[in-house]
Amino acid sequence: MDKDTLFREIRQGRALLWAGAGFSRYAGYPMGMGVVQALYGALSKIQQQELTAALGLTEKELLKLPLPDFAQYFVDLHGGNKQRLIQVITQLFSATPLTKATHEQVAALPYFDRIVTTNYDQLFEIAYSLDKLHVITQADNVPQLDDKPTVLFKIHGELNRPKSLIITKEDYGRFFDKADDVVWTQLRSLMSTRTVVFVGYAVEDPNVLDVFLELANRLGELMRPAYVVGPSMDFLRVQRLKRQNIHFIQATGEAFVEELMFDIKDKALTELSRDGFGALKPVSQMLSTLGLDFSVKVDGSGPLIKELIRRDGPTHNKFTVTSSSSQIQEAIQALINGQVAKPVKIVADNFNQIAHFVEGFRLPSDGDAMLWLTRAPGWEDIVDIRFSSGLLLSGTQVKVYGKRAGINLVVLSATSRLELSMNSSGRRDDYYDCDAQFDRRMKPFADVASALECVGTMQALSKGESIKVLKNGVTIWRSTKRLKMHKPKQFSSQATNMGNLIALLPKIEQTFGILFKNFDIDNQPIEDLVNLARIINKDRVLYDVVEPLMLNGFNIYSPEFGPVFTSKNPKRDSVLGFTSDQTNDFIIFGWHLRLSWSEQVGILQPIGEKTEIEGNYLVRSKSKNFTRQCMSIAEALVIQKPSSSSSILLTDEIDELQPKLS
Numbered sequence: 232m233d234k235d236t237l238f239r240e241i242r243q244g245r246a247l248l249w250a251g252a253g254f255s256r257y258a259g260y261p262m263g264m265g266v267v268q269a270l271y272g273a274l275s276k277i278q279q280q281e282l283t284a285a286l287g288l289t290e291k292e293l294l295k296l297p298l299p300d301f302a303q304y305f306v307d308l309h310g311g312n313k314q315r316l317i318q319v320i321t322q323l324f325s326a327t328p329l330t331k332a333t334h335e336q337v338a339a340l341p342y343f344d345r346i347v348t349t350n351y352d353q354l355f356e357i358a359y360s361l362d363k364l365h366v367i368t369q370a371d372n373v374p375q376l377d378d379k380p381t382v383l384f385k386i387h388g389e390l391n392r393p394k395s396l397i398i399t400k401e402d403y404g405r406f407f408d409k410a411d412d413v414v415w416t417q418l419r420s421l422m423s424t425r426t427v428v429f430v431g432y433a434v435e436d437p438n439v440l441d442v443f444l445e446l447a448n449r450l451g452e453l454m455r456p457a458y459v460v461g462p463s464m465d466f467l468r469v470q471r472l473k474r475q476n477i478h479f480i481q482a483t484g485e486a487f488v489e490e491l492m493f494d495i496k497d498k499a500l501t502e503l504s505r506d507g508f509g510a511l512k513p514v515s516q517m518l519s520t521l522g523l524d525f526s527v528k529v530d531g532s533g534p535l536i537k538e539l540i541r542r543d544g545p546t547h548n549k550f551t552v553t554s555s556s557s558q559i560q561e562a563i564q565a566l567i568n569g570q571v572a573k574p575v576k577i578v579a580d581n582f583n584q585i586a587h588f589v590e591g592f593r594l595p596s597d598g599d600a601m602l603w604l605t606r607a608p609g610w611e612d613i614v615d616i617r618f619s620s621g622l623l624l625s626g627t628q629v630k631v632y633g634k635r636a637g638i639n640l641v642v643l644s645a646t647s648r649l650e651l652s653m654n655s656s657g658r659r660d661d662y663y664d665c666d667a668q669f670d671r672r673m674k675p676f677a678d679v680a681s682a683l684e685c686v687g688t689m690q691a692l693s694k695g696e697s698i699k700v701l702k703n704g705v706t707i708w709r710s711t712k713r714l715k716m717h718k719p720k721q722f723s724s725q726a727t728n729m730g731n732l733i734a735l736l737p738k739i740e741q742t743f744g745i746l747f748k749n750f751d752i753d754n755q756p757i758e759d760l761v762n763l764a765r766i767i768n769k770d771r772v773l774y775d776v777v778e779p780l781m782l783n784g785f786n787i788y789s790p791e792f793g794p795v796f797t798s799k800n801p802k803r804d805s806v807l808g809f810t811s812d813q814t815n816d817f818i819i820f821g822w823h824l825r826l827s828w829s830e831q832v833g834i835l836q837p838i839g840e841k842t843e844i845e846g847n848y849l850v851r852s853k854s855k856n857f858t859r860q861c862m863s864i865a866e867a868l869v870i871q872k873p874s875s876s877s878s879i880l881l882t883d884e885i886d887e888l889q890p891k892l893s
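My numbering numbers the first residue of the sequence shown as 232 and each following residue consecutively.
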């Protein structure tokens, strides 16, 4: 049996909710092991020592005991008196819950009129008003229940009736001995006529499920199919449950109730005409509890809810439409894209499917439906955009267009135009599906800062960084999820390559005392730019060399070098080093630059041969590699600046340099 079958049973009022300890965990209440730890902490040091000695267990092993066993030892240490045990339990489970949201969701559902729980807390009592919930414990004489709207069986007792609490091993023994009393009779009747859904199973609290399974075993073949909901369960236990017609659903209690609520909202109103007036009462009750007013239309097929309105505040509506008409699709697409402002009219004949949701409830379809679509006014402002990496786009024009399941965000900065089509990828996913379009608005770049901003934006997009929109320094919108980008092919590599080139420019500007203005990165020969930056940054670069070098022995003399140099099999890590003074000219964005520097050259695995000229050697590298690294810069000169008047030479001695600028 699948989850859809279970949800249908619940919607038709044929399910029994059984809440285990895990169903209250989200509210901050402890599981069995947490209660054991609290009880152990309530013992005196002497009692703790007596218990470990008597059982021959370590403290760590004690804290892993099942709750009924440890609670029994706790009572034994207090002379058989349960008063101190009840005090600790009451203190734990009468504390104010962190939240009661999931229990309130259950209380809003009219489909669980019978609930069983082994929990001591009062979350159900808090979620239901007193006139809507009748509580029964093992100590009660069960009254006539047919007139009770919702009945809660607290089979482990309740805090305000201490004698009813089932905690210790002896309590459980007496509990199962009462198999013929009226409460057990009621439970057996419910379990044989309804589909049981046990919510709140936890591996660390197996005794709670054992109570449910004990009843199931006693029913035998009378037991209807059942479900156990929990975050995890070992494979063998899942298989054993299957043999008992009990099916495992992997989910927390909160997630299960959330999904159930979603399913009910999706199907409850559309099933009314099929299920008839018998289903109208629970549906009406649920809508009223959730603060919704409605109108009912009755025709030959049964009741039909036509309108939903929230009592307090605006009502949230959502439409989904599918149509096979290409003309309609083109008209809607033009509207979405902002190409037309005229509303689009769609009559019933053009629908493949139309769905109208109000506050999450799917309304029944109407064969005479007509849909008018008009583009909502967009939002536009001058704001700041900050990416999660810290990149800030200041004074940016932003336009926002609403669309189904997401937004279109258009960002116009000084350097680029960015359009993000953001689609929510699902209620539980942690990202937005996002189609990105990026265009450079600034060609050429006005300056290096503009170029860094542009490539920074490209890199942020390629990484899918989330964004914030700020107005007057205050965040007014943020993408709560990261962006999963669908970018043009090679976009990421282009962003990386351009970013690497732009990052070289500030150091070159600083070295020559210039500013690059109105430069075109696309037309700059990369080799000149990279080589100049390598020298300025003093990077050590590995080169391939095939031809041998002619070196003067005086320049290459090194006391420890002799035997290695003449060897035909030099050591792997041997290096022949010498210095060399270099001067070279570079053309960077129209600037004619000259750099003089001293560099260290290293020939790897050198082999030297004497030449006819005394003191000279012909040196080659066995590995065919050598390294070059700038050690110091002697002079950086501007030979000629670009013809553009916007180029800037930063110096206080510009008159003295004019002859060099020609």
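We put the beta carbon where it would ideally sit given N, CA and C, even for glycine.
### Task
Would you check if the distance between the CB atom of Leu323 and the CB atom of Pro393 is smaller than 8 Å?
no
### Message
Judging by CA-CA distance, which residue of Arg242, Glu696, Val366, Glu758 is the nearest neighbour of Phe817?
### Response
Glu758
### Task
May I ask you to check if the CB of Gln314 is nearer than 7 Å to at least one heavy atom of the ligand PLP?
Here there are no bound small molecules, and the ligand PLP is not part of this structure.
### Task
State yes or no: is the C-beta of Thr646 within less than 8 Å of the C-beta of Arg672?
yes
### Message
So for Thr483, helix, strand or coil by DSSP?
### Response
coil
### Message
I'd like to know if the segment 356-369 and the segment 334-343 are in contact, where contact means that at least 3 CB-CB pairs between them fall below 8 Å.
### Response
yes
### Query
Do Ala246 and Val428 have their C-beta atoms within less than 8 Å of each other?
yes
### Task
Determine the burial state of Arg542: buried for a count of at least 16 other Cβ atoms within 10 Å of its Cβ, exposed for fewer.
exposed
### Task
Please determine if the segment 821-834 and the segment 853-867 are in contact, where contact requires at least 3 C-beta pairs separated by less than 8 Å.
yes
### Message
If the criterion is Cβ atoms closer than 8 Å, does the pair Ile480 and Lys234 meet it?
### Response
yes
### Message
Using a Cβ-Cβ cutoff of less than 6 Å, which residues in the same chain neighbour Asn786 once the five nearest sequence positions on both sides are dropped?
### Response
In this prediction, Asn786 scores a pLDDT of 49, lower than 50, which makes its location untrustworthy; no coordinate-derived value is stated.
### Task
Could you check if Ala572 is buried or exposed, using at least 16 other CB atoms within 10 Å of its CB as the buried criterion?
Here Ala572 scores only 45 on pLDDT, less than 50, and its place in the model is too uncertain to base an answer on.
### Query
Can you give the Cα-Cα distance for Ala510 and Arg239, rounded to whole angstroms?
13 Å
### Task
Run through the segment 649-702 for me and flag every whole beta strand (DSSP E) of 3 or more residues, listed as ranges in chain order.
662-671, 698-702
### Query
With distances taken between CB atoms, is the gap from Asn815 to Leu826 smaller than 8 Å?
yes
### Task
Please report how far the alpha carbon of Phe308 lies from the alpha carbon of Thr348, in whole angstroms.
The residue asked about is misnamed: residue 308 is Leu in this sequence, not Phe. About 29 Å.
### Task
Find the nearest neighbour of Val642 within the set Ser619, Gly621, Ile613, judged by alpha-carbon distance.
Ile613
### Task
Within 10 angstroms of the Cβ of Val266, are there 16 or more other Cβ atoms? Answer buried if so, exposed if not.
buried
### Task
Work out the CA separation of Ala667 and Met729 for me, nearest whole Å.
18 Å
### Message
Under DSSP, the alpha helix (DSSP H) around Asp307 begins and ends at which residues?
### Response
298-308
### Message
Using a Cβ-Cβ cutoff of less than 7 Å, which residues in the same chain neighbour Gln516 once the five nearest sequence positions on both sides are dropped?
### Response
Pro341
### Query
For Met262, which of helix, strand or coil comes out of DSSP?
coil
#### Entry: Residue of Met653, Leu692, Asn350 minimising C-alpha distance to Phe618
Leu692
### For Trp610, the nearest candidate out of Ser556, Gly507, Ile346, Asn639 (CA to CA)
Asn639
### Query
Could you give the residue range of the beta strand (DSSP E) that holds Pro462?
Careful: Pro462 lies outside any beta strand (DSSP E) and carries neither H nor E.
### Message
Threshold first: 4 residues or longer. Then list the alpha helix (DSSP H) segments lying entirely within the segment 332-405, N to C.
### Response
332-339, 354-358
### Query
Span of the alpha helix (DSSP H) holding Phe870?
In the sequence under discussion, the amino acid at residue 870 is Ile, which differs from the Phe named in the question. It is not in any alpha helix (DSSP H) - Ile870 instead sits in the beta strand (DSSP E) that spans 856-871.
#### Entry: Separation of Lys549 from Ile585, as counted between CA atoms
11 Å
### Task
Check whether the segment 749-766 touches the segment 841-852, counting contact only when three or more Cβ pairs, one atom from each stretch, lie closer than 8 Å.
no
### Message
Considering Cα atoms alone, identify which of Ala273, Ala499, Thr553, Arg505 is closest to Val589.
### Response
Ala499
### Limits of the unbroken alpha helix (DSSP H) element including Leu736
736-743
#### Entry: Span of the alpha helix (DSSP H) around Phe238
234-242
### Query
CA-CA distance, Asn476 and Leu450?
12 Å
### Query
Candidates Arg468, Asn448, Thr321: which alpha carbon is nearest Ser395's?
Thr321
### Task
For the beta strand (DSSP E) holding Ala764, just list the boundary residues, first then last.
No beta strand (DSSP E) contains Ala764, which is instead part of the alpha helix (DSSP H) from 757-767.
### Query
Going along the chain, which residues of its own chain have a beta-carbon closer than 7 Å to the beta-carbon of Phe525, five neighbours each way excluded?
Leu518, Ile536, Glu538, Leu539
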